[in-house]
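Before any comments, here is the structure.
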Amino acid sequence: MSAQREMKEKNPWHTPLTIIITVIGVIAIVALVTVAVLQNRPVPQKYKYGIVLDAGSSHTALYIYEWPAEKDNNTGRVEQKHSCKVKGKGISSYAAEPEKAGMSLTECMREAEMQVPSRRHQETPLYLGATAGMRLLNIENREASDKVFEAVEKALQGFPFSYQGARILSGQEEGAFGWVTVNYLDDRLKQGLETTGALDLGGASTQISFVPHEYDISESPSNSVAFRLYGNDYNLYTHSFLCYGKDQVLRMALAHQTRSGPVTMSDPCFHPGYSVTRNYNALYDSPCVSERKPKEAPLNFTHTGVGNFFRCQEVVKTLFNFTSCKYSRCSFNGIFQPPLQGSFGAFSAYYFVMNFLNLTDSSIPLETVKANLANYCGTPWNQIKQQHPEVKEKYLAEYCFSGTYIVTLLTEGYNFTKETFSKIKFIKEIKGSDAGWTLGYMLNLTNMIPAEAPDSPPLPHAGYVSIVTVIALLLFILFILSLRPIWPKCSKKPQIV
Ligand SMILES: Nc1nc2c(ncn2[C@@H]2O[C@H](COP(=O)(O)OP(=O)(O)O)[C@@H](O)[C@H]2O)c(=O)[nH]1
Numbered sequence: 024m025s026a027q028r029e030m031k032e033k034n035p036w037h038t039p040l041t042i043i044i045t046v047i048g049v050i051a052i053v054a055l056v057t058v059a060v061l062q063n064r065p066v067p068q069k070y071k072y073g074i075v076l077d078a079g080s081s082h083t084a085l086y087i088y089e090w091p092a093e094k095d096n097n098t099g100r101v102e103q104k105h106s107c108k109v110k111g112k113g114i115s116s117y118a119a120e121p122e123k124a125g126m127s128l129t130e131c132m133r134e135a136e137m138q139v140p141s142r143r144h145q146e147t148p149l150y151l152g153a154t155a156g157m158r159l160l161n162i163e164n165r166e167a168s169d170k171v172f173e174a175v176e177k178a179l180q181g182f183p184f185s186y187q188g189a190r191i192l193s194g195q196e197e198g199a200f201g202w203v204t205v206n207y208l209d210d211r212l213k214q215g216l217e218t219t220g221a222l223d224l225g226g227a228s229t230q231i232s233f234v235p236h237e238y239d240i241s242e243s244p245s246n247s248v249a250f251r252l253y254g255n256d257y258n259l260y261t262h263s264f265l266c267y268g269k270d271q272v273l274r275m276a277l278a279h280q281t282r283s284g285p286v287t288m289s290d291p292c293f294h295p296g297y298s299v300t301r302n303y304n305a306l307y308d309s310p311c312v313s314e315r316k317p318k319e320a321p322l323n324f325t326h327t328g329v330g331n332f333f334r335c336q337e338v339v340k341t342l343f344n345f346t347s348c349k350y351s352r353c354s355f356n357g358i359f360q361p362p363l364q365g366s367f368g369a370f371s372a373y374y375f376v377m378n379f380l381n382l383t384d385s386s387i388p389l390e391t392v393k394a395n396l397a398n399y400c401g402t403p404w405n406q407i408k409q410q411h412p413e414v415k416e417k418y419l420a421e422y423c424f425s426g427t428y429i430v431t432l433l434t435e436g437y438n439f440t441k442e443t444f445s446k447i448k449f450i451k452e453i454k455g456s457d458a459g460w461t462l463g464y465m466l467n468l469t470n471m472i473p474a475e476a477p478d479s480p481p482l483p484h485a486g487y488v489s490i491v492t493v494i495a496l497l498l499f500i501l502f503i504l505s506l507r508p509i510w511p512k513c514s515k516k517p518q519i520v
């Protein structure tokens, strides 16, 4: 009994100093790990927002973008949260009644108020960018264009967002920002990968943008945009062809075929059996065709379809001028274009048309695309209407023309061959965000893409916590080992000193 008590008293583990040191050691380690975990735990995500209105020639669309609030210092990913198609036509069509241009935006703006949390309203930038429709109105009637902008500004300022202005984008900006959007969404910029070219087809203009190999920038400075993004330099070639969007090019095709002012016109770009009455004044009411208006023409003409893809291609080809080129090489209309490079993303009306025609699959050879179009154009109008009762007649009637124009523009205009044609991907969106200039525009205006690569933390959160835990455990084991001289000896019999 007394020997046992003596053993207890002499057990070095039971000295008050050892107990205190052990307890402090354990508490310190637990505290260290807890602080590391708590400090670095993922907090519930908070977002910031930006709104861009794309005032196109045929319609206006509103896009809401969001990105993690704590990472707006250039590292957070910006994504499209919501989009809204404004009912009615593009703002340029309200030249005669500008207030209605402003009013037309109200419904989508109200949606935006609901989509963006109210505590973020005041800090959310709101931009409106107008493209070729307003470029044309500005050429045609400057005063009317200014009035439309006044009405739109007034309407937008009535909403609680941080209004940053409405302006017409230059064709160069439209092309370049479309390219930024596609490559940003594909993560090509941050990773410094080879970039994808961008092909955008609107109603009133069309853009081509890509980074060429060995491009001599001095040849045509107006077609070049230099960027430094995430530490990489890009020399982008871009060109916007005003009047070569699909609605204006259709006007040009109709103008070409009615230049003698006939009463009836047979059009290979429309289906056999198609027939509508068109008004000469309405057709020629655009700067893209106004100079071609026949001197003498009746009020109306009957537009009938013949449905012949190859003859339609001949009509479309007459709209491109291949005769003069003062550069080493040109696309058409005397515009410089370096050799095509790499893969391309084709969006906007390229996608609408090719998707309707079931021709978005890049593995379909160019020859098959043409054969399918020839077959489609030759199908009687009645049959087409029966097959697609859900599609708006205006769109439906024009797919033969638009498809023929797309193929002709790409091959004859931009010089895509049967090999390079397969490098075009017809896309609507990338990772949930629509392809188009709006995202690139906002990223640029909010400085969300830095010129230099941002410093990234050396370790991700999980790695950091694991390392702290492992080090803490090692320290604890080391501490226990350091107490070895005072460990009790291992023996069956209690040792009595
Ligand atoms: N088939 C089809 N065409 C569309 C649709 N939405 C727009 N478009 C057409 O696509 C073209 C692009 O229009 P828009 O963006 O307003 O032109 P931009 O301002 O010249 O770039 C126009 O010819 C529109 O008629 C759609 O949902 N389906």
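In terms of the numbering used here, the sequence shown opens at residue 24 and continues consecutively. Every residue, glycine too, gets a C-beta built ideally from N, C-alpha and C.
- prompt: Is the Cβ-Cβ distance between S456 and E102 less than 8 Å?
  reply: Translated into the one-based positions of the sequence shown, residue 456 becomes position 433. Translated into the one-based positions of the sequence shown, residue 102 becomes position 79. The beta carbons of S456 and E102 sit closer together than 8 Å.
- request: Taking A305 as the reference, give the member of M157, V234 and R274 with the closest Cα.
  value: The count along the sequence shown starts at 1 and reaches residue 305 at position 282. The shortest Cα separation from A305 among M157, V234 and R274 belongs to R274.
Check: H236 C-beta below 7 Å from any heavy atom of ligand 1: Taking the first residue of the sequence shown as 1, we reach residue 236 at position 213. No, ligand 1 has no heavy atom inside 7 Å of this Cβ.
- prompt: How would you label T391, buried or exposed, when you count the other beta carbons within 10 angstroms and need 16 or more for buried?
  reply: The sequence position of residue 391 within the sequence shown is 368, counting from 1. The residue is exposed, with fewer than 16 neighbouring Cβ atoms inside 10 Å.
field: Pair within 8 Å by beta-carbon distance, S115 and G156
entry: Reading the sequence shown from its first residue, position 92 is the one you call residue 115. Reading the sequence shown from its first residue, position 133 is the one you call residue 156. Closer than 8 Å, so yes.
- request: Examine the Cβ distances between the stretch 76-92 and the stretch 114-133 and report whether three or more of them are shorter than 8 Å.
  value: Contact annotation: the stretch 76-92 touches the stretch 114-133, with at least three C-beta pairs closer than 8 Å.
- prompt: So does Y464 have its beta carbon nearer than 7 Å to some heavy atom of ligand 1?
  reply: Counted from its first residue, the sequence shown places residue 464 at position 441. No, the Cβ of Y464 stays beyond 7 Å of every heavy atom of ligand 1.
- request: Using alpha carbons as the reference points, say which of P183, G181 and R190 lies closest to V171.
  value: One-based indexing of the sequence shown puts residue 171 at position 148. When each option's Cα is compared against that of V171, the closest is R190.
- request: Give, in chain order, every unbroken run of the beta strand (DSSP E) that is at least 3 residues long and sits entirely within the stretch 194-274.
  value: You should have 220-224, 228-233, 247-252 and 255-265.
- prompt: Alpha carbon to alpha carbon, how far is H279 from Q271?
  reply: As a position in the sequence shown, residue 279 is number 256, starting the count at 1. As a position in the sequence shown, residue 271 is number 248, starting the count at 1. If I take the Cα positions, the gap works out to 12 Å.
DSSP bridge partner residues for H326 (one or two, in chain order): Residue 326 sits at position 303 when you count from the first residue of the sequence shown. The partner list for H326 (beta bridge, DSSP) reads M288 and V299.
- prompt: Where S351 and F359 are concerned, what is the direct C-alpha to C-alpha distance, given to the nearest angstrom?
  reply: Walking along the sequence shown from the start, residue 351 turns up at place 328. Walking along the sequence shown from the start, residue 359 turns up at place 336. So the alpha carbons of these two residues sit roughly 8 Å apart.
query: With DSSP run on the structure shown, which of helix, strand or coil describes F343?
result: Start at 1 with the first residue of the sequence shown, and residue 343 comes out as number 320. For F343, the three-state secondary structure derived from DSSP is coil.
field: Distance CB(I429)-CB(L212) smaller than 8 Å
entry: Indexing the sequence shown from 1 puts residue 429 at position 406. Indexing the sequence shown from 1 puts residue 212 at position 189. In this structure, I429 sits away from L212, with a CB-CB distance that is not shorter than 8 Å.
query: For the candidate residues A78, N302 and K110, whose alpha-carbon lies nearest to that of F324?
result: Position 301 of the sequence shown holds residue 324. Closest by alpha carbon: N302.
task: Flag Y88 as yes if its beta-carbon sits less than 8 Å from any beta-carbon of chain B, otherwise no.
output: The structure shown contains no chain B; it holds only a single protein chain.
message: Using 8 Å as the threshold, is the C-beta distance between Y267 and S228 below it?
response: For the purposes of this step, residue 267 is taken as residue 244 along the sequence shown, with counting starting at 1. For the purposes of this step, residue 228 is taken as residue 205 along the sequence shown, with counting starting at 1. Yes.
query: Any heavy atom of ligand 1 closer than 7 Å to the CB of F375?
result: Here residue 375 is taken as the residue at index 352 of the sequence shown, counted from 1. Yes, the Cβ of F375 comes within 7 Å of a heavy atom of ligand 1.
query: Quick one, which of V175, W404, A199 and I450 has its alpha-carbon nearest A124's?
result: Taking the sequence shown and counting its residues from 1, one reaches residue 124 at position 101. Among V175, W404, A199 and I450, the Cα nearest to that of A124 belongs to V175.
message: So the candidates are L363, W404, L396 and P361; which of them puts its Cα closest to the Cα of N378?
response: The residue given as residue 378 occupies position 355 in the sequence shown. It is L396 whose Cα lies nearest to the Cα of N378.
K31 (DSSP reduced to helix, strand or coil): If you number the sequence shown from 1, residue 31 lands on position 8. Any reading at K31 is ruled out, since the residue's pLDDT is 48, under 50, leaving its predicted position unreliable.
- request: Given a cut-off of 8 Å, decide if E146 and S185 are closer than it, judged by their beta-carbon atoms.
  value: Within the sequence shown, residue 185 is the residue found at index 162, counting from 1. Within the sequence shown, residue 146 is the residue found at index 123, counting from 1. Note that the C-beta distance between S185 and E146 is below 8 Å.
- request: Given a cut-off of 8 Å, decide if S385 and K441 are closer than it, judged by their beta-carbon atoms.
  value: For the purposes of this step, residue 441 is taken as the residue at position 418 of the sequence shown. For the purposes of this step, residue 385 is taken as the residue at position 362 of the sequence shown. It is not a contact, given that the beta carbons lie outside the stated cut-off.
- request: Give the single residue among S263, S193 and V139 whose Cα lies nearest to the Cα of E88.
  value: One-based indexing of the sequence shown puts residue 88 at position 65. Sequence check: residue 88 is Tyr here, not Glu. V139 is the residue among S263, S193 and V139 whose C-alpha sits nearest the C-alpha of Y88.
DSSP three-state assignment for K69, whether helix, strand or coil: What you label residue 69 is simply residue 46 of the sequence shown in a count that begins at 1. Coil, per DSSP.
message: Could you compute how far the alpha carbon of L466 sits from the alpha carbon of P477?
response: Counting from one through the sequence shown, the residue named residue 466 turns up at place 443. Counting from one through the sequence shown, the residue named residue 477 turns up at place 454. Taken atom to atom, the span from the alpha-carbon of L466 to that of P477 is near 15 Å.
query: Which one of T57, Y399, V46 and Q180 has the shortest CA to CA distance from G330?
result: In the sequence shown, the residue the question calls residue 330 occupies position 307. The option with the nearest alpha carbon to G330 is Y399.
field: Rounded straight-line distance, which links the Cα of G226 to that of G296
entry: The count along the sequence shown starts at 1 and reaches residue 296 at position 273. The count along the sequence shown starts at 1 and reaches residue 226 at position 203. The alpha-carbon of G296 is positioned some 26 Å away from that of G226.
task: Would you check whether ligand 1 has a heavy atom nearer than 7 Å to the C-beta of F379?
output: Locating residue 379 in the sequence shown gives position 356, counting from the first residue. Short note on F379: C-beta closer than 7 Å to some heavy atom of ligand 1.
message: In whole angstroms, give me the CA-to-CA distance for Y307 and T281.
response: Counting from 1 along the sequence shown, the entry for residue 307 is found at position 284. Counting from 1 along the sequence shown, the entry for residue 281 is found at position 258. The alpha-carbon atoms of Y307 and T281 are separated by roughly 10 Å.
field: Closest Cα partner of Q364 within the set I43, E421, G220 and P121
entry: By 1-based counting over the sequence shown, the position of residue 364 is 341. Of I43, E421, G220 and P121, the residue nearest in Cα terms is G220.
Residue span of the beta strand (DSSP E) that contains Q103, given as start and end: Counted from its first residue, the sequence shown places residue 103 at position 80. For Q103, the uninterrupted beta strand (DSSP E) segment begins and ends at E102 to K108.
- prompt: Less than 8 Å separating the beta-carbons of R158 and Y72?
  reply: Taking the sequence shown and counting its residues from 1, the one referred to as residue 158 is at position 135. Taking the sequence shown and counting its residues from 1, the one referred to as residue 72 is at position 49. Going by C-beta atoms, R158 is not nearer than 8 Å to Y72.
message: Could you check whether the Cβ of A221 sits closer than 7 Å to any heavy atom belonging to ligand 1?
response: For the purposes of this step, residue 221 is taken as the residue at position 198 of the sequence shown. No; taking the cut-off as 7 Å, the Cβ of A221 has no heavy atom of ligand 1 nearer than that.
S193 versus L432 - alpha carbon distance: In the sequence shown, counting from the first residue as 1, residue 193 sits at position 170. In the sequence shown, counting from the first residue as 1, residue 432 sits at position 409. Going by the C-alpha atoms only, they are around 21 Å apart.
message: Output needed for E452: all residues of its chain with C-beta closer than 7 Å, excluding positions within five of it in sequence on either side, in chain order.
response: For the purposes of this step, residue 452 is identified with residue 429 of the sequence shown, where counting begins at 1. Cβ neighbours of E452 beyond the five flanking positions: A458.
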